[in-house]
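2 protein chains.
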Amino acid sequence: MFPFEHIIILDKKSKVSVYKQVAFAIIDAIRNGVLKPGTHLPSSRELAALLHVHRKTVIAAYDELEAQEWITVYPRRYVTVAENLPLLQPKKWNENKTGFSYDNELNVPYRIIDPHVPSENGIPEVIIDDGHPDVRLSPISDLLKTYRLLTSRTYAIKNAHIGTAQGTLKLREELVHYLSVTRGLNISADNILITHGAQMSIYLAAQLLLNSQSAIIVGKPNYGVANKTFAETGATLIEVPVDKEGIDTDKIEQLCKKEKISAVYVIPHHHYPTTVTLSVERRMKLLELSARFSFVIIEDDYDYDYHYASSPYLPLASAHHQGNVIYIGSFSKILDPSLRIGFMVAPKNFVAQCTALRKIIDVGGDGYMQNALAMLIKEGELKRHLNKAKKMYHQRRDFLDELLRNRLSGHVTYSLPSGGMAVWIMLQKDFSVDDLQQSGKLKIIRTDSELNAFRFGFASMDERELEAAVNLLASRLGKRDL
Amino acid sequence: MFPFEHIIILDKKSKVSVYKQVAFAIIDAIRNGVLKPGTHLPSSRELAALLHVHRKTVIAAYDELEAQEWITVYPRRYVTVAENLPLLQPKKWNENKTGFSYDNELNVPYRIIDPHVPSENGIPEVIIDDGHPDVRLSPISDLLKTYRLLTSRTYAIKNAHIGTAQGTLKLREELVHYLSVTRGLNISADNILITHGAQMSIYLAAQLLLNSQSAIIVGKPNYGVANKTFAETGATLIEVPVDKEGIDTDKIEQLCKKEKISAVYVIPHHHYPTTVTLSVERRMKLLELSARFSFVIIEDDYDYDYHYASSPYLPLASAHHQGNVIYIGSFSKILDPSLRIGFMVAPKNFVAQCTALRKIIDVGGDGYMQNALAMLIKEGELKRHLNKAKKMYHQRRDFLDELLRNRLSGHVTYSLPSGGMAVWIMLQKDFSVDDLQQSGKLKIIRTDSELNAFRFGFASMDERELEAAVNLLASRLGKRDL
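Protein chains in written order, with the numbering used here: chain A, 65 to 546; chain B, 65 to 546.
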């Protein structure tokens, strides 16, 4: 007889119940072509004896197999593999033992050059991020309290999924008010799309505005992920230098005179990575150029809320324009990088197109979380948090400045940014950012492969942590000196 | 003198502080070209008198404007609009009052035919969804308790954003075990990508597998959103009939002999919208064809967990194959449609490519929520919930069956599905789905514009609610009879 005891290997320690293990093994043998359509199976008594299990276990397995139509049971006569199944070439014996299906590769042509390499092997002692908020200061607890409250209301529950593709009406209406007060924007709820963070707004805008025939202007250096996002559409990226006043608008003018530019991507506050703020003069110039040459401005104002030198500059979006400023903001930078809620402000018809695209990307966001955030804004909790965090980050920036001057002078140069959550630190030529990381103790997020510099995110660290990080840097830099 | 009192209109009820209103208004006038570079501004004393505000308010406004470099203050002499600003053509008087910037349209060529139309005006009494879980049964409260716990741990906080592009290692490792026990899948954490729901897995797979030169086979009728997602890549969609055993594999074979097929999209359990389950025979046939003709199977098993007639059928993904089965699942259907966590199982290199693409779409998911879900699975809470919910939904399906037979016979036809959360109901010819909805009291989610049928999601309603919904349908159908 067929060696069923070799096909059905039971693992009594497994969490899969024994009868299911029996059924799964028989299904596997059928799918491999080892058991052919019409083949007689042993009686439940015989199989139970072979496998040293209770007969009831085999009966349960056969019931399962019959319900799923893998086998045919002829009552009081015999059991066979279902006759209508396709006849397969059996795999070689043990072939399925040599490797699992998913050990194979699936090769598809793909445009993105650097696929993600997982790097979670051990978390280093010190991580210098590129500008994260300090989640310990965040009113996450209040937010979740509201979230739980919302999920416990029958009415809210039944309707939480409605309209989440564009974002819940509650949050959008709250933002109409919030963006008017904080940014001087005159908009309605139809002009807002709630996204899964600022990056999703960039992606949606890129997908809708650009294609392989279009050209977009970006700063140099620039936020690398944005560059990748634009490149993914097949568009040509034209780099324009970013100096101490932000992106060079004279260069943009020259380019516009020569060729059709579809869009300009600009980070008006604390440019990534260099942290400069776009000057008032260039803001006006950029708006004037966009009207003259009909390009869209993608204004990525992710870092609006943390400006220390003055109030933040009013967005380009709040000036008068032809509806061709797409304004992007985020709450991930305020509350928690893990809490992915951002928004886009744009003309209604563009928001409708973005929403349609967003629906096929991921249906929509978390309606409860959006409504919980709306409550947090409404009750002034967000503003209180922002005031508190701004004060704290301001202090931390100054504390880091002092540490850098005292302990790293001669090794690094930097300009203190007027806002934001990171200092852009340039290393002396005899050190590279990679040198600093080699110990495994320290992880730094590289922002630009060409420049020997990195962003020191100070907002997420308290004074003790800032000191420890700078000391670690000092000891690395010191060692090389010897 | 310049009529500053007409440019600076103060609203004392506004939440924007008065000094900011003054500053914003002057910025606006500069940006509009109304106030030109070099123009003298009134002294703080003069302007305070004009506006009937305290002089300190004007000083604060001027400080703000100076910090942002809109104006130049010559101490003890005068204040001017900054001289380096671009000279603009002034807008006509009141031009900015006639409409806001975002009332304009932004027109870009776009491929998706039907942009989203917001439809939140009033929520109807009864919503028949197309198969949602009952969130009231969900262990959301436990999940959020864990979430809060995680956000209060310093270590977790510092590292919550690490690796969320692919999904946290904790959740992926938990899924390796969970998918082995529930679905017989032999995989490692590298084979898993955590997505923002099943739809994102479909989107990522479509973007990477398809382009304007490729062809994909889909069922007819099919999940409309999936069709749109494939069409968005420019690929050709070839429709193959879905009958009582699922998608017609003989037709697929014929097509493969004629032309190159890149992928086949299949919903093996409770096909959307018709709720049929793919038979064992066709499952085997499909796997055989995919090996023979080298196409990728996109197996969207969103409804795996709710099968009532037997255990669910083992996925195609758990059979032996060349790594060309992309398996898609979701927790949104188990816990909450608003909680967007799903997963994709695929070969490691494909997961890496999907992760790279996902990074530019939205960076990553919510790491806390993912880890909270991992805990829920680990502690057996998810399984307990599934068992409870399955029993409940099974009862609700049977209760709806009874209601339909008693109150709607003659008006509708349907086959009771062997699992899932919805019954596919066909209306008699003299009624249309739209007729039923006209009252505004009832909302039904249309799944296919060609078929006079709809999905009656029974899982989200308790018996009282099911009865109310059927009664409402009966009264609508009855009225037309008269």
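Glycine included, C-beta positions come from ideal geometry on N, C-alpha and C. Please read all numbers here as calculations on a predicted model, not as lab measurements.
To the nearest angstrom, how far is the alpha carbon of residue i from that of residue j?
i: Asn160/A; j: Leu151/A; result: In this predicted model, Asn160/A has a pLDDT of only 48, less than 50, meaning its place in the structure is not dependable; the value taken from the coordinates is given anyway. Answer to the nearest angstrom: the Cα atoms are 18 Å apart.
i: Met456/B; j: Ile191/A; result: 48 Å
i: Asn158/B; j: Ala89/B; result: At Asn158/B, the pLDDT of 45 sits below 50, so the modelled position is not reliable and the matter cannot be decided from this model.
i: Leu94/B; j: Leu515/A; result: A small fix is needed here, since residue 94/B is Ile in this sequence, not Leu. If you take the alpha carbons of Ile94/B and Leu515/A, they lie about 37 Å apart.
i: Leu450/A; j: Pro203/A; result: 10 Å
i: Pro188/B; j: Gln501/B; result: 10 Å
i: Pro182/B; j: Asp526/A; result: With a pLDDT of 48 at Pro182/B, under the threshold of 50, the modelled position of this residue cannot be trusted; read the value that follows with caution. So the two alpha carbons sit approximately 45 Å from each other.
i: Lys507/B; j: His335/B; result: 22 Å
i: Ser496/B; j: Glu147/A; result: 42 Å
i: Trp488/A; j: Gly521/B; result: 54 Å
i: Ile73/B; j: Thr210/A; result: 38 Å
i: Val409/A; j: Arg422/A; result: 15 Å
i: Ala436/B; j: Ile424/B; result: 25 Å
i: Ala373/B; j: Ala131/A; result: 7 Å
i: Val122/A; j: Lys79/A; result: 18 Å
i: Gln230/A; j: Leu440/A; result: 20 Å
i: Asp167/B; j: Leu208/A; result: 36 Å
i: Gly429/A; j: Asp430/B; result: 11 Å
i: Glu309/B; j: Ser343/B; result: 5 Å
i: Thr566/B; j: Ala295/B; result: As displayed, chain B neither begins before 65 nor continues past 546, which places residue 566/B out of reach and without an answer.
i: Gly474/B; j: Ala269/B; result: 43 Å
Return yes when the Cβ of residue j is within less than 7 Å of the Cβ of residue i, no when it is not.
i: Ala299/A; j: Ile325/A; result: no
i: Val389/A; j: Glu352/A; result: no
i: Leu547/B; j: Gln434/B; result: Outside the modelled stretch of chain B, which goes from 65 to 546, sits residue 547/B, for which no answer is possible.
i: Cys320/B; j: Phe357/B; result: yes
i: Ile361/A; j: Val328/A; result: yes
i: Lys315/B; j: Val304/B; result: yes
i: Pro411/A; j: Leu170/B; result: yes
i: Leu149/A; j: Met348/B; result: yes
i: Pro337/B; j: Asp512/B; result: yes
i: Ala262/A; j: Gly406/A; result: yes
i: Asp462/B; j: His260/A; result: no
i: Ala113/A; j: Tyr83/A; result: no
Report the three-state DSSP secondary structure of residue i (helix, strand or coil).
i: Ile558/B; result: The structure shown does not extend to residue 558/B, since chain B spans only 65 to 546, so no value can be given for it.
i: Val477/A; result: The residue asked about is misnamed: residue 477/A is Thr in this sequence, not Val. Strand, per DSSP.
i: His104/A; result: strand
i: Gly484/B; result: coil
i: Phe522/A; result: coil
i: Ser265/B; result: helix
i: Gly288/A; result: helix
i: Ile91/A; result: helix
i: Val172/B; result: coil
i: Lys76/A; result: coil
i: Asp462/A; result: helix
i: Tyr457/B; result: helix
i: Val240/B; result: helix
i: Phe68/B; result: helix
i: Ala532/B; result: helix
i: His334/A; result: coil
i: Thr300/B; result: strand
i: Lys507/B; result: strand
i: Gly283/A; result: strand
i: Tyr329/B; result: strand
(request) Taking only beta carbons into account, state which residues of the stretch 267 to 289 of chain A come closer than 7 Å to chain B, listed in chain order. (result) Tyr267, Leu272, Leu273, Val289
(message) Closer than 9 Å between beta carbons: that is the criterion. Which residues of the stretch 194 to 208 of chain B meet it against chain A?
(response) His196, Asp198, Val199, Arg200, Ser202, Ile204, Ser205, Leu208
(request) Would you be able to state if there are at least three C-beta pairs under 8 Å between the stretch 365 to 383 of chain A and the stretch 234 to 248 of chain A? (result) By the Cβ criterion, the stretch 234 to 248 of chain A is in contact with the stretch 365 to 383 of chain A, since at least three pairs of Cβ atoms, one from each stretch, lie closer than 8 Å.
(message) Count Cβ pairs between the stretch 391 to 399 of chain A and the stretch 192 to 202 of chain A that sit closer than 8 Å; are there 3 or more?
(response) Yes: at least three Cβ pairs fall under 8 Å.
(request) Kindly confirm or deny that the stretch 132 to 146 of chain B and the stretch 94 to 105 of chain B touch, where touching means at least three C-beta pairs closer than 8 Å. (result) yes
(request) Report yes or no: do three or more beta-carbon pairs, one from the stretch 465 to 472 of chain A and one from the stretch 208 to 217 of chain A, lie closer than 8 Å? (result) no
(message) Taking beta-carbon pairs under 8 Å, can you tell me which members of the stretch 526 to 546 of chain B lie near chain A?
(response) none
(message) Beta carbons nearer than 7 Å to chain B: which residues of the stretch 330 to 349 of chain A have them?
(response) Ser343, Val344, Glu345, Met348, Lys349
(message) If the cut-off is 7 Å on Cβ atoms, which residues from the stretch 368 to 386 of chain A count as contacting chain B, listed in chain order?
(response) Going along the stretch 368 to 386 of chain A in chain order, one finds Ala373, Ser374, Ser375, Tyr377, Leu378, Ala383, His384, His385, Gln386 with a Cβ nearer than 7 Å to chain B.
(request) With 8 Å as the C-beta to C-beta threshold (strictly closer), list the residues of the stretch 406 to 421 of chain B near chain A in chain order. (result) Considering only beta carbons, the part of the stretch 406 to 421 of chain B lying closer than 8 Å to chain A consists of Val409, Ala410, Pro411, Lys412, Asn413, Phe414, Ala416, Gln417, Thr419, Ala420, Leu421, in chain order.
(message) Tell me which residues of the stretch 134 to 151 of chain B have at least one Cβ-Cβ distance to chain A shorter than 8 Å, keeping chain order.
(response) Trp134, Ala146, Asn148, Leu149, Pro150
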